[in-house]
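The sequence shown begins at 27 in the working numbering and counts up one residue at a time.
Heads up: the structure comes next, in structure tokens.
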Amino acid sequence: MKLWAVYFSATGTTKKIVTAVARVLGERLGAEKYEFDFTLPAARRGWPEFKREDIAVFGIPVYAGRVPNVLLRYLDTVAGNGALAVPVVLYGNRNFDDALAELRDILVKDGFMPAAGAAFIGEHAFSRRLAKGRPDEKDMERAKRFAEKIFTKLEMGTVSGPEIPGIPFPYRGYYMPRDGEGNPIDIRRVKPRTADCCGGCGICVDVCPMGSISRENVRECGGICIKCGACVKACPKHAKYFDDEGYLCHLHQLEEGLKDRREPELFL
Ligand SMILES: Cc1cc2nc3c(=O)[nH]c(=O)nc-3n(C[C@H](O)[C@H](O)[C@H](O)COP(=O)(O)O)c2cc1C
């Protein structure tokens, strides 16, 4: 049996939870541990081979209340071959809306059998203040307990699908922020800017999940930008930033409006 940690994680919060759950579950089951990180474009050329006896802890971040739409086509191509899956989503303290239900449905369509699911909170990709430092120690303790609970469920033999909240297919539309007058804030075409302190090290090029930043000129973002925060948070000089008015308005709403701490939710 192989215990897989499978994830997309632009700023590392999904990776942290998924690998922790997989590690504890793998230890309890005495299973071989494997990791598949599909954050970068080079990894998304294929999938590992999953077998019926395997378990995959499968994580993605929540984007606009849903599974990131840029991943949908790729996610359609994985073959579960009857392996058990544990869908996990990370969200930035607003809400996970229908993302976990959507991920569960994708995995079922791909041939996995969901055994449990969870929604955890991670520092918001747009911000260094919203859900700052999460997942934190308390979240990691919950991740460990989640793995223990999955182990107990598996030991009992019968694996029933978990009850996961959310509006069933076709789900709610992608969450659209609105300004003070109620007009939609559309940030899809927004791209990061580069400050003069940029030293041209190219870390932003290496971490961009869309492969959109030019190595020849790191100030140039020629491809799609999903606002994942990878380049902004990884830059050692803090040279990457967004200055779009709509983006900043939404960021302000998030940081001011979502101060109450949300807690992880586990579904068994
Ligand atoms: C484009 C985009 C949309 C997002 N939408 C939501 C959302 O609807 N609800 C929420 O709580 N967090 C949202 N977030 C925050 C991420 O879900 C959160 O930061 C997550 O921890 C990122 O995971 P990662 O560190 O693995 O990349 C969004 C982030 C991005 C980049």
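Every residue, glycine too, gets a C-beta built ideally from N, C-alpha and C.
Checklist entry - By the 10 Å Cβ neighbour count, where 16 or more other Cβ atoms means buried, how is residue 103 classified, buried or exposed? => result exposed
Checklist entry - Counting Cβ pairs closer than 8 angstroms, one from the segment 85-100 and one from the segment 122-136, do we hit at least three? => result yes
Checklist entry - Rounded to the nearest angstrom, how far is the Cβ of residue 238 from that of residue 251, given a contact under 8 angstroms? => result 6 angstroms
Checklist entry - Does ligand 1 have a heavy atom nearer than 7 angstroms to the CB of residue 120? => result yes
Checklist entry - Where does residue 143 sit, in a helix, a strand or coil, going by DSSP? => result strand
Item to check | Completely contained alpha helix (DSSP H) runs for the segment 171-231, where each covers 4 or more residues | outcome: none
Checklist entry - Just reading off the alpha helix (DSSP H) that residue 63 is part of, what are its end residues? => result From DSSP, residue 63 is part of no alpha helix (DSSP H) but of the beta strand (DSSP E) over 58-63.
Next on the checklist: Just checking residue 149 against ligand 1 - is the residue's beta carbon closer than 7 angstroms to any of the ligand's heavy atoms?
Outcome noted: yes
Checklist entry - Can you give, in chain order, each stretch of the alpha helix (DSSP H) that sits fully within the segment 115-143 and has at least 4 residues? => result 125-135
Item to check | CB of residue 268 within 8 angstroms of CB of residue 218, strictly | outcome: yes
Checklist entry - What are the residues that DSSP puts in a beta bridge with residue 112? => result 83
Item to check | Whole-angstrom C-beta distance between residue 257 and residue 266, which should lie under 8 angstroms | outcome: 4 angstroms
Checklist entry - Is DSSP giving residue 271 helix, strand or coil here? => result helix
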